[in-house]
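K.L.:
Top line first, the protein sequences correspond to chains U and Z.
Residue 8 is where the first sequence starts when you use my numbering, and the numbers rise one by one after that.
Residue 218 is where the second sequence starts when you use my numbering, and the numbers rise one by one after that.
Cβ coordinates follow ideal geometry from the N, Cα and C atoms, glycine included.
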Amino acid sequence: MTTISQPDNAVIAGMSESARSRAPRRVRGLSDRAIAWLFVAPTIALLLAINIFPLIWMIRLSFTSLNLSMSYLPLRFVGLDNFTDILGDEDVWFRLQTTAQFVIWSVTLQVIIGFGLALLINRQFRGHSFWTTIILLPMMLSPAVVGNFWTLLLQPQIGPFNYLISLFTGVPPSSFSMTGQVSLAPWTIVLVDTWMWAPYVMLICLAGLRSIPDYIYEAAEVDRASAWRQFWSITLPMTVPFLMLAVLFRAIENFKMFDMVNLLTSGGPGSTTELVSITLKRAAFEKWRTGYSSALAIILFVTVFGAANIYVKALNKVKQR
Amino acid sequence: MRTFNWLRSSAATTVLGTALLGIFGGGEAAAQGKQLTLCWAAWDPANALVELGKDFTKQSGIEMKYEFVPWTSYADRFLNELNSHGKLCDLIIGDSQWIGGAAENKWYVKLNDFFDKEKISMDDFVPATVVGYSQWPKNSPNYWALPAMADAVGWTYRKDWFSRPDIQSAFKAKFGRDLAPPKTYDELKQIAAFFQGREIDGKKVYGAYIFTERGSEGITMGVTNVLYNYGFSYDNPKKPYQMQGIVNSSDAAKGLEYYKELYKCCTAPGMTNAYMQEGLDAFKSGQVAMQMNWFAFFPGLYKDPNVGGDKIGFFVNPAGPNGRFTQLGGQGISVVATSDRKDDALAYIKWFAQPTVQQKWWQLGGYSALKAVVDAPDFPKSAAFAPQFLESMGIVKDFWAEPSYAQLLLDMQKRVHDYVVADKGTAQQALDLLVKDWTKVFKEQGKQVASQ
């Protein structure tokens, strides 16, 4: 890098008069490095203030007994008690199990439907742009809006969803409640999440499909490969990295899922759809168990971070193949 | 080169300037006149309070600003505000269960000296509201709030349906007695089952609406109305915090079983997560014959053009095998300790405590707790629901008001909802687990919990 803020004296001596007269002005200016720091500094400061510092503070709190609703009690250092409490709590394991089931089912369905939609949209047909826009609409909505209007759609007495099911099955519409029955509620949250996010997977897959050069298909045509063979040997292998990326994004997002499920079922009936993020929110901001919830947040963070890292390594291996 | 230097200097100046503006330019000019912010829930009585507050502004010159939050996020929002020592609220109408935490954490200003100075006597207020909304520790002369909004759970019913000859005769033929507002929970279930699925004016109707909400406090505020009357208590009156055999007594388990039976047999489909608003909607749309809800909503229901007036009737929470009680609601008004305008806030409380203001409060749709208002001879005739309100306020019981109330409440929400709505385990198991949860909470709080 060229340094112009501290010029060498010998160089200055050799400069022309006019150049020398400009030198002091150049010294007064800031170096490239300083300017770079000046621009980056606010972002770094912000990152430290709202991300790094709270993270460190949270780690500290996770070893304490802090309960904000009883902040008059002396703060006690409890070592690993919060962590052992959480890991020994049957309820937390149930919530993790519920979350894992939600993640696996919703991501699987989203990948299948998203990929299928991408294959359809990748073809040229009349009204292509219109249908693409329609399919993308759900993912553009806010989860709060989605949660509220699905609550209405799924209402057993006035919601059209039950009437639609009734039309096909003959079951009376008000005889079942999608969000209120233990057997249906977990599938309901999977259904709504899939409706909202399958288009997102479709977009990623579409990018993958469009990145496959036409000449590969042309060569396959020359070799008289069937459509199924082309799909199996060209399309699928070449979109796998994109699919894996979509799985990574959606799995991380769904592991943290809170808003939509909270609006749809509040974790109910009972605790049937209580994802671990809802447990965390209740512990932190309703029960005010700050120490305990900090420990739970760390456990979740480490889980997601660890799983994501393993997955990214696998993704890189697939890419290298 | 000159341009380059100029660019650098400009960039530096801009960045520094922006930073300086951020540091020094963020503040706004101080408020022009005197102003108080009052925090409460967003519901019908809050509108009445806004109307009432205009008189205070007229008299004192202090502008009133209101921060009303929907019930579902009311506790989250304001407890967070109090926890973080925020300055949003000068006055707060906080829920009765907050009083322990607010007192222990010094979120509220203690009002004893102020009451003495202004000659405001707590003897002038309905005793249950003083204990429920103002005192901490309970039944001690330590006051943290002025009873502001008396409330309890009551019931509404479709008087027009109950009085129809065809329905009357069908009921008498089936049960051998006249159809009338229930006095016991057995009668209530009988009536609810009678109406369940019946066609009235070509429309299918349902028996009863009860609270089942999972997220905040709904199902607990509903089920306790039955539990109290079946013999449930929070702890042993002689041994505080001794819950084993009290909370999970066989009588309490029977009460919980009853609530589940009522939910299964006689409520409208889809009422798996329903609280105040869903009840109002169900009743106003002519869907249910009887509705459990807070008295605070009854003035609005009485005025409803479709189901109000002659069509609506009210009754007190029915008795169970072991007594007749009802769940206390309502709130007291407190001065927030972090407020910069404590004197003005106290002036508001002084004004609000006046009998004339309390009388107007009741007339506008609020519920006064002042004896001079509710014990006045013409009070029972002042509203269709006034006699039931008065009777209910004499039989109220409240949930824990400990600093750890939120944990205790959420534990109960979970255990009861798991059993009633999600069909998990038995009533006895649900209450046994509740005792376990509550014992853990109290032990964390440093309380001695006797097992027997």
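My understanding is that glycine 549 of chain Z touches alanine 362 of chain Z, with C-beta atoms under 8 Å, so please give their C-beta distance in whole angstroms.
P.N.:
Within the second sequence, residue 549 of chain Z is the residue found at index 332, counting from 1. Within the second sequence, residue 362 of chain Z is the residue found at index 145, counting from 1. Contact holds; Cβ gap of about 3 Å.
K.L.:
Which residues, in order along the segment 371–384 of chain Z, keep a beta-carbon less than 7 Å from a beta-carbon of chain U?
P.N.:
none
K.L.:
Short of 7 Å Cβ to Cβ, which residues in the segment 152–164 of chain U face chain Z?
P.N.:
Gln162, Pro163 and Gln164
K.L.:
Can you grab the Cα-Cα spacing for the pair glycine 298 of chain U / threonine 289 of chain Z, in whole Å?
P.N.:
The residue given as residue 298 of chain U occupies position 291 in the first sequence. The residue given as residue 289 of chain Z occupies position 72 in the second sequence. Roughly 25 Å between the two C-alpha positions.
K.L.:
Compare the beta carbon distance of glycine 530 of chain Z and lysine 376 of chain Z with 8 Å and say whether it is the shorter of the two.
P.N.:
As a working mapping, residue 530 of chain Z is identified with position 313 in the second sequence. As a working mapping, residue 376 of chain Z is identified with position 159 in the second sequence. Yes, the pair counts as a contact, with Cβ atoms nearer than the cut-off.
K.L.:
Does the beta-carbon distance from valine 326 of chain Z to glutamine 459 of chain Z come in below 8 Å?
P.N.:
Working through the second sequence from its first residue, we reach residue 326 of chain Z at position 109. Working through the second sequence from its first residue, we reach residue 459 of chain Z at position 242. In this structure, glutamine 459 of chain Z does not lie closer than 8 Å to valine 326 of chain Z by Cβ.
K.L.:
Could you tell me whether any Cβ in chain A is nearer than 8 Å to the Cβ of threonine 656 of chain Z?
P.N.:
Absent from the structure is chain A; the protein chains it does hold are U and Z.
K.L.:
Please list, in chain order, all residues of the same chain as leucine 270 of chain U whose beta carbon is under 7 Å from its beta carbon, the five residues on each side excluded.
P.N.:
As a first step, residue 270 of chain U is located in the first sequence; it is residue number 263 there, counting from the start. Result list for leucine 270 of chain U: Ala151, Gly154, Asn155 and Thr158, in chain order.
K.L.:
Candidates U:Tyr318, U:Ser38, U:Ile219 and U:Ser284: which alpha carbon is nearest arginine 102 of chain U's?
P.N.:
Translated into positions along the first sequence, residue 102 of chain U becomes position 95. The shortest C-alpha separation from arginine 102 of chain U is found at U:Ser284.
K.L.:
Which runs of the alpha helix (DSSP H), 4 residues or longer, sit entirely within the segment 161–212 of chain U?
P.N.:
DSSP assignment within the segment 161–212 of chain U yields the following whole alpha helix (DSSP H) runs of 4 residues or more, N-terminal first: 167–176.
K.L.:
Looking at chain U, which residues of the segment 272–288 of chain Z have a Cβ within less than 9 Å of any of its Cβ atoms?
P.N.:
Those residues of the segment 272–288 of chain Z that come within reach of chain U (Cβ to Cβ, closer than 9 Å) do not exist; the list is empty.
K.L.:
Hey, is valine 464 of chain Z close to the ligand ZN, as in C-beta under 7 Å from one of its heavy atoms?
P.N.:
You won't find the ligand ZN in this model; it holds no ligand whatsoever.
K.L.:
Grouping DSSP H, G and I as helix and E and B as strand, with all else coil, what is proline 535 of chain Z?
P.N.:
Within the second sequence, numbered from 1, the residue matching residue 535 of chain Z stands at position 318. Residue state, collapsed to three classes: coil.
K.L.:
Kindly provide the ranges of any beta strand (DSSP E) runs that are 3 or more residues long and lie completely inside the segment 366–419 of chain Z, ordered along the chain.
P.N.:
370–375
K.L.:
Does the beta carbon of glycine 123 of chain U come closer than 8 Å to any beta carbon on chain Z?
P.N.:
Position 116 of the first sequence, counting from 1, holds the residue named residue 123 of chain U. It does not; no Cβ of chain Z falls within 8 Å.
K.L.:
Using only the alpha-carbon positions, how far apart do asparagine 676 of chain Z and lysine 334 of chain Z sit?
P.N.:
Nothing can be reported for residue 676 of chain Z, as the shown portion of chain Z is limited to 218 through 669.
K.L.:
Give the straight-line distance between the Cα atoms of proline 399 of chain Z and alanine 409 of chain Z, rounded to the nearest whole angstrom.
P.N.:
Here residue 399 of chain Z is taken as the residue at index 182 of the second sequence, counted from 1. Here residue 409 of chain Z is taken as the residue at index 192 of the second sequence, counted from 1. C-alpha separation (whole angstroms): 10 Å.
K.L.:
If you draw a straight line from the alpha carbon of leucine 322 of chain U to that of glycine 36 of chain U, how long is it in whole angstroms?
P.N.:
Position 315 of the first sequence, counting from 1, holds the residue named residue 322 of chain U. Position 29 of the first sequence, counting from 1, holds the residue named residue 36 of chain U. Looking at the two C-alpha atoms, the distance is approximately 47 Å.
K.L.:
Taking buried to mean at least 16 other C-beta atoms within 10 Å of its own C-beta, is threonine 140 of chain U buried or exposed?
P.N.:
Numbered from its first residue, the first sequence carries residue 140 of chain U at position 133. When all chains shown are included, threonine 140 of chain U counts as exposed.
K.L.:
From alanine 247 of chain Z to proline 167 of chain U, what does the alpha carbon distance come to, in whole angstroms?
P.N.:
For this step, residue 247 of chain Z is matched to residue 30 along the second sequence. For this step, residue 167 of chain U is matched to residue 160 along the first sequence. Its pLDDT being 37, under 50, alanine 247 of chain Z is placed unreliably in this model, and the coordinates cannot settle the point.
K.L.:
For isoleucine 211 of chain U, tell me which candidate among U:Ile196, U:Ala192, U:Ile128 and U:Gln237 has the shortest Cα-Cα distance.
P.N.:
The residue labelled residue 211 of chain U in the question sits at position 204 within the first sequence. Among U:Ile196, U:Ala192, U:Ile128 and U:Gln237, the Cα nearest to that of isoleucine 211 of chain U belongs to U:Ile128.
K.L.:
Closer than 8 Å, CB to CB, is glycine 244 of chain Z near chain U or not?
P.N.:
As a first step, residue 244 of chain Z must be located in the second sequence, where it is residue number 27. For glycine 244 of chain Z, the predicted model reports a pLDDT of 37, less than 50, meaning its position is unreliable; a value from the coordinates is still stated below. No Cβ of chain U is located within less than 8 Å of the beta carbon of glycine 244 of chain Z.
K.L.:
Ordered along the chain, which non-local residues of its own chain (more than five positions away) have a Cβ less than 7 Å from that of tryptophan 295 of chain U?
P.N.:
Numbered from its first residue, the first sequence carries residue 295 of chain U at position 288. If we look at tryptophan 295 of chain U and ignore the five residues flanking it on each side, its Cβ neighbours are Asn74, Leu75 and Ser76.
K.L.:
Check whether the Cβ atoms of threonine 106 of chain U and leucine 250 of chain U lie closer than 8 Å to each other.
P.N.:
Along the first sequence, read from residue 1 onward, the residue named residue 106 of chain U stands at position 99. Along the first sequence, read from residue 1 onward, the residue named residue 250 of chain U stands at position 243. No. Outside cutoff.
K.L.:
Specify whether the segment 574–588 of chain Z and the segment 261–268 of chain Z touch according to this definition: at least 3 beta carbon pairs, one from each stretch, less than 8 Å apart.
P.N.:
yes
K.L.:
Measuring CA to CA, which of Z:Phe379, Z:Asn523 and Z:Asn539 is closest to arginine 501 of chain Z?
P.N.:
Residue 501 of chain Z sits at position 284 when you count from the first residue of the second sequence. The identity of residue 501 of chain Z in the sequence shown is lysine, whereas the question assumes arginine. Among Z:Phe379, Z:Asn523 and Z:Asn539, the Cα nearest to that of lysine 501 of chain Z is on Z:Asn523.
K.L.:
From glycine 345 of chain Z to proline 193 of chain U, what distance separates their C-alpha atoms?
P.N.:
For the purposes of this step, residue 345 of chain Z is taken as residue 128 along the second sequence, with counting starting at 1. For the purposes of this step, residue 193 of chain U is taken as residue 186 along the first sequence, with counting starting at 1. Inspection of the sequence shows that residue 345 of chain Z is occupied by alanine rather than by glycine. Near 43 Å, if we compare the C-alpha coordinates of proline 193 of chain U and alanine 345 of chain Z.
K.L.:
In the structure shown, what three-state DSSP assignment does phenylalanine 542 of chain Z receive?
P.N.:
Here residue 542 of chain Z refers to the residue found at position 325 when the second sequence is read from its first residue. Reduced to three states, the DSSP call for phenylalanine 542 of chain Z is coil.
K.L.:
Threonine 489 of chain Z CB to nearest chain U CB: under 8 Å?
P.N.:
Taking the first residue of the second sequence as position 1, residue 489 of chain Z is located at position 272. Chain U, which has a Cβ nearer than 8 Å to the Cβ of threonine 489 of chain Z, makes this yes.
K.L.:
May I ask you to list, following chain order, the residues of the segment 613–632 of chain Z that have a beta carbon less than 7 Å from some beta carbon of chain U?
P.N.:
Pro620, Ser621, Ala623, Gln624, Leu627 and Lys631
K.L.:
Can you name the start and end residues of the alpha helix (DSSP H) that alanine 320 of chain Z belongs to?
P.N.:
Against the second sequence, residue 320 of chain Z aligns to sequence position 103. 316–321 is the span of the alpha helix (DSSP H), which, as asked, contains alanine 320 of chain Z.
K.L.:
At a CB distance below 7 Å, what residues from the segment 413–433 of chain Z approach chain U? Give them in sequence order.
P.N.:
Arg431 and Gly432
K.L.:
Using a Cβ cut-off of 8 Å (strictly closer), state whether alanine 30 of chain U contacts chain Z.
P.N.:
Here residue 30 of chain U refers to the residue found at position 23 when the first sequence is read from its first residue. For alanine 30 of chain U, the predicted structure reports a pLDDT of 49, less than 50, and the residue's modelled location is therefore unreliable. The matter cannot be settled from this model.
K.L.:
Would you call the CB atoms of alanine 258 of chain Z and glycine 546 of chain Z closer than 8 Å?
P.N.:
Locating residue 258 of chain Z in the second sequence gives position 41, where the first residue counts as 1. Locating residue 546 of chain Z in the second sequence gives position 329, where the first residue counts as 1. Not in contact: alanine 258 of chain Z and glycine 546 of chain Z (Cβ atoms no closer than 8 Å).
K.L.:
Check the Cβ-Cβ distances between lysine 320 of chain U and every residue of chain Z, and say whether any is below 8 Å.
P.N.:
Against the first sequence, residue 320 of chain U aligns to sequence position 313. For lysine 320 of chain U, the answer is no, since every Cβ of chain Z falls outside 8 Å of its Cβ.
K.L.:
For alanine 290 of chain U, tell me which candidate among U:Gln162, U:Tyr79, U:Asp98 and U:Trp239 has the shortest Cα-Cα distance.
P.N.:
The residue given as residue 290 of chain U occupies position 283 in the first sequence. Out of U:Gln162, U:Tyr79, U:Asp98 and U:Trp239, the CA that lies nearest to the CA of alanine 290 of chain U is found in U:Asp98.
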